[in-house]
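Take a look at the structure set out below.
2 protein chains.
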Amino acid sequence: MSLKIPSDTVPETTGSAGMQKNIKTILKQLESDGIIGISVDCVIFGFDDNELKVLLIKSDLEKFDNKWSLLGDLVNNHEDLDQAAYRILKERTGLDDVYLEQVKGFGAVGRHPAARVVTIAYCSLINIEHHKLKILDNELHWHRVTTLSEMAFDHRQILDVCYEWLQKRIQEHPLGFSLLPKQFSLRELQNLYEAILDVKLDRRNFRKKFFSMGLLEDTGELESDVPHRPGKLYKFNYDKYQKKERKKWFGIDF
Amino acid sequence: MSLKIPSDTVPETTGSAGMQKNIKTILKQLESDGIIGISVDCVIFGFDDNELKVLLIKSDLEKFDNKWSLLGDLVNNHEDLDQAAYRILKERTGLDDVYLEQVKGFGAVGRHPAARVVTIAYCSLINIEHHKLKILDNELHWHRVTTLSEMAFDHRQILDVCYEWLQKRIQEHPLGFSLLPKQFSLRELQNLYEAILDVKLDRRNFRKKFFSMGLLEDTGELESDVPHRPGKLYKFNYDKYQKKERKKWFGIDF
DNA sequence: ATTATATCGTGTATTTTTTACACGGTGAAG
DNA sequence: CTTCACCGTGTAAAAAATACACGATATAAT
Numbered sequence: 074m075s076l077k078i079p080s081d082t083v084p085e086t087t088g089s090a091g092m093q094k095n096i097k098t099i100l101k102q103l104e105s106d107g108i109i110g111i112s113v114d115c116v117i118f119g120f121d122d123n124e125l126k127v128l129l130i131k132s133d134l135e136k137f138d139n140k141w142s143l144l145g146d147l148v149n150n151h152e153d154l155d156q157a158a159y160r161i162l163k164e165r166t167g168l169d170d171v172y173l174e175q176v177k178g179f180g181a182v183g184r185h186p187a188a189r190v191v192t193i194a195y196c197s198l199i200n201i202e203h204h205k206l207k208i209l210d211n212e213l214h215w216h217r218v219t220t221l222s223e224m225a226f227d228h229r230q231i232l233d234v235c236y237e238w239l240q241k242r243i244q245e246h247p248l249g250f251s252l253l254p255k256q257f258s259l260r261e262l263q264n265l266y267e268a269i270l271d272v273k274l275d276r277r278n279f280r281k282k283f284f285s286m287g288l289l290e291d292t293g294e295l296e297s298d299v300p301h302r303p304g305k306l307y308k309f310n311y312d313k314y315q316k317k318e319r320k321k322w323f324g325i326d327f
Numbered sequence: 074m075s076l077k078i079p080s081d082t083v084p085e086t087t088g089s090a091g092m093q094k095n096i097k098t099i100l101k102q103l104e105s106d107g108i109i110g111i112s113v114d115c116v117i118f119g120f121d122d123n124e125l126k127v128l129l130i131k132s133d134l135e136k137f138d139n140k141w142s143l144l145g146d147l148v149n150n151h152e153d154l155d156q157a158a159y160r161i162l163k164e165r166t167g168l169d170d171v172y173l174e175q176v177k178g179f180g181a182v183g184r185h186p187a188a189r190v191v192t193i194a195y196c197s198l199i200n201i202e203h204h205k206l207k208i209l210d211n212e213l214h215w216h217r218v219t220t221l222s223e224m225a226f227d228h229r230q231i232l233d234v235c236y237e238w239l240q241k242r243i244q245e246h247p248l249g250f251s252l253l254p255k256q257f258s259l260r261e262l263q264n265l266y267e268a269i270l271d272v273k274l275d276r277r278n279f280r281k282k283f284f285s286m287g288l289l290e291d292t293g294e295l296e297s298d299v300p301h302r303p304g305k306l307y308k309f310n311y312d313k314y315q316k317k318e319r320k321k322w323f324g325i326d327f
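Chains A and B supply the protein sequences, listed in that same order. Position 127, counted from 1, in the first sequence is what the working numbering calls 200; the numbers after and before it change by one each time, with no gaps. Position 79, counted from 1, in the second sequence is what the working numbering calls 152; the numbers after and before it change by one each time, with no gaps.
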């Protein structure tokens with residue numbers, strides 16, 4: 074017999090009052106049996122209107138009435154952690170080929186009010202445009218990351234950790250491109266970095282930096298619908314990046 | 074009722090044949106109930122003889138006969154993940170005030186032969202000297218990290234991930250000091266970095282780099298028992314490090 | 001058509017950081 | 001009293017990061 078109970082967020086799209094009761098019963102049983110549940114929570118970032126956004130859903134638990142919650146679910150018995158995260162992502166965004174990476178496990182004893190649940194946080198970056206079709210479905214919402222007050226469970230802490238992880242990560246690895254269209258102008262790229270890192274950067278030096286890596290490919294196309302001189306559109310060359318030999322020693326810097 | 078079953082490694086020091094049977098029974102039951110177990114595994118690093126070592130134990134499972142295993146245990150229902158890791162560390166090394174950090178969760182379906190167990194890997198750095206008293210107990214062994222062949226479970230993979238994590242981490246954060254005595258010479262520190270990162274560094278520039286951070290404190294003492302001119306002994310000033318404001322933007326570098 | 005405006009794209013001088021490298025000093029061992 | 005191995009410091013050259021300016025080109029307003 075395979076237990077199937079809800080996680081921090083509603084896994085079924087057909088959430089109803091009758092469902093709720095069932096959920097609570099199962100959670101209670103888990104709790105009384107002293108079994109630790111294991112879930113996966115996805116911090117799905119998007120970039121829109123020059124701001125970093127995160128995809129959230131209204132919590133279904135009374136205790137967290139109207140609070141925002143990350144997208145998550147219990148891990149099934151037959152699936153890896155990564156698979157579980159991909160499943161959630163697919164269910165919620167319809168997107169398949171996305172950037173996804175594990176960030177950290179969270180297992181404080183009281184983090185879930187109904188039972189002991191350890192969750193593994195994943196971070197995902199998607200192009201918000203690709204996802205727009207599906208957003209109307211339910212209680213899903215893109216929310217600014219900078220102006221978030223309370224959230225359900227320990228999801229605020231998880232989001233904070235993931236946001237800091239992202240800030241560090243985009244400076245060392247080429248993930249930012251996942252938030253942009255395949256083709257992008259250099260200004261769009263810089264806006265992305267400035268928004269995520271909350272810094273102002275010099276346009277010319279930013280340009281120099283990226284071109285010196287030799288990983289941006291000129292598509293020959295130009296921006297359109299801009300009220301000024303259009304910039305060239307580039308795409309990131311992942312192949313070249315893979316083949317590139319990375320220097321091992323990068324120095325000590327506390 | 075609180076389930077208590079063994080993890081990837083024997084939690085009890087009194088491991089015996091009778092115990093083994095009990096373990097298997099419980100694992101089988103878990104497996105048939107479709108419950109996912111959750112454990113913590115500690116990658117405990119030490120530094121000795123100018124080499125990075127890891128603390129391992131002989132696996133108790135027949136399938137992994139004589140293979141090396143990390144130190145781990147199932148997470149108890151009433152303890153946080155971090156607490157579980159600390160508990161294992163304390164049980165095995167007798168050490169308390171140690172560096173410990175979560176690295177990654179591993180949850181491949183078939184990673185444990187007896188049941189589905191998701192494990193959270195922790196990385197710990199200890200001074201190998203402090204631990205020598207307790208090593209005689211059982212099957213514990215300090216093993217070179219560079220010359221390790223097969224290991225039990227997916228522990229080789231976990232170790233690899235943690236080793237790479239360490240290589241990156243010691244360049245950005247002051248953790249290396251946990252592997253050294255409180256007081257150390259600059260050469261010892263450099264040997265540590267060279268061993269862990271597998272690079273040769275210029276002695277003078279290494280010195281310059283560290284002193285320019287202003288975090289090394291001259292103890293006034295000198296090395297002893299060296300067959301040459303003794304070097305000064307320093308200690309790391311953690312207080313100063315905490316107070317130090319770190320620059321946010323450190324540039325893009327793929 | 002002409003002008004205003006906003007961004008594009010490039011180059012250069014300055015500062016800072018990293019790297020490479022040399023020499024005199026001190027303690028132990030023979 | 002010489003050899004050896006490492007300690008401790010300084011400096012010149014190379015590389016990287018930063019600051020900053022100007023002409024070009026598109027749209028929109030006049």
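Where a beta carbon is used, it is the ideal one built from N, C-alpha and C, also for glycine. Computed from a predicted structure; not experimentally measured.
When the alpha-carbon of residue 295 of chain B is set against those of B:260, B:282, B:285, B:312, the nearest one is in B:260. Listed in chain order, the non-local C-beta contacts of residue 291 of chain B below 7 angstroms within the same chain comprise 305, 307, local neighbours out to five positions each way being set aside. With a contact defined as Cβ atoms closer than 8 angstroms, residue 238 of chain A and residue 191 of chain A miss out at about 19 angstroms.
In chain order, 248 place their CB closer than 7 angstroms to the CB of residue 242 of chain A, counting only its own chain and leaving out the 5 sequence neighbours on each side. Non-local beta-carbon contacts of residue 236 of chain B in its own chain, meaning distances under 7 angstroms to residues more than five positions away in sequence, involve 218 in chain order.
The criterion of a C-beta distance shorter than 7 angstroms is not satisfied by residue 225 of chain A and residue 112 of chain A. By the CB criterion at 7 angstroms, residue 269 of chain B and residue 197 of chain B fall outside the cutoff. Taking a beta-carbon distance threshold of 7 angstroms, residue 312 of chain B does not count as an interface residue toward chain A.
Listed in chain order, the non-local C-beta contacts of residue 280 of chain B below 7 angstroms within the same chain comprise 259, local neighbours out to five positions each way being set aside. Three or more Cβ pairs drawn from the region 167-182 of chain B and the region 146-164 of chain A lie within less than 8 angstroms of each other, which places the two stretches in contact. The C-alpha of residue 110 of chain A is placed about 10 angstroms away from the C-alpha of residue 185 of chain A. Contact between residue 189 of chain B and residue 318 of chain B does not hold, since their C-beta atoms are separated by about 46 angstroms, which reaches or exceeds 8 angstroms.
Contact between residue 325 of chain A and residue 282 of chain B is confirmed by a C-beta separation of about 6 angstroms, below the 8 angstroms threshold. The DSSP assignment places 172-179, 190-198, 214-217 as complete runs of the beta strand (DSSP E) inside the region 169-242 of chain B, in order along the chain (cut-off: 3 residues). 283, 286, 288: these are the residues of the region 283-294 of chain B whose beta carbon lies less than 8 angstroms from some beta carbon of chain A, given in chain order. For residue 294 of chain B, the uninterrupted beta strand (DSSP E) segment begins and ends at 289-295. For residue 327 of chain B, a Cβ of chain A is located within less than 7 angstroms of the residue's own Cβ. With a cutoff of 7 angstroms on beta-carbon distance, residue 123 of chain A and residue 264 of chain A are scored as near each other. Distance from the CA atom of residue 255 of chain B to the CA atom of residue 301 of chain B, rounded to whole angstroms, is 22 angstroms. Residue 115 of chain B and residue 195 of chain B do touch by the CB rule: their CB atoms are close to 5 angstroms apart, below 8 angstroms. Residues of the region 172-203 of chain B whose Cβ lies closer than 7 angstroms to any Cβ of chain A, in chain order: 175, 177, 178, 180, 181, 182, 189, 191, 193.
Closer than 7 angstroms at the C-beta level to chain B, one finds these residues of the region 221-249 of chain A: 244, 245, 246, 247. Runs of the beta strand (DSSP E) lying entirely within the region 104-132 of chain B, each at least 3 residues long, are 110-121, 124-131 in chain order. Taken in chain order, the unbroken stretches of beta strand (DSSP E) that lie wholly in the region 249-309 of chain A and span 3 residues or more are 289-295, 305-309. If you look at residue 312 of chain A, you'll find it in the alpha helix (DSSP H) that goes 311-316. Taking a 10 Å sphere around the C-beta of residue 214 of chain B, we find fewer than 16 other C-beta atoms and assign the residue as exposed. About 7 angstroms separates the Cβ atoms of residue 253 of chain A and residue 120 of chain A, confirming a contact at the 8 angstroms cut-off.
Following the DSSP letters along the chain, one finds residue 143 of chain A in no alpha helix (DSSP H), marked with neither H nor E. Judged by DSSP in its simplified three-state form, residue 137 of chain B adopts helix. Within the model, the alpha-carbon separation for residue 299 of chain B versus residue 262 of chain B is close to 16 angstroms.
Out of A:276, A:193, A:139, A:167, the CA that lies nearest to the CA of residue 234 of chain A is found in A:193.
Residue 309 of chain B and residue 287 of chain B have their alpha carbons spaced roughly 9 angstroms apart. Distance from the CA of residue 147 of chain B to the CA of residue 146 of chain A, rounded to the nearest whole angstrom, comes to 22 angstroms.
Your pair residue 201 of chain B and residue 168 of chain B does not check out as a contact, with CB atoms roughly 11 angstroms apart and the cut at 8 angstroms. Residue 272 of chain B belongs to the set of residues whose beta carbon lies under 7 angstroms from a beta carbon in chain A.
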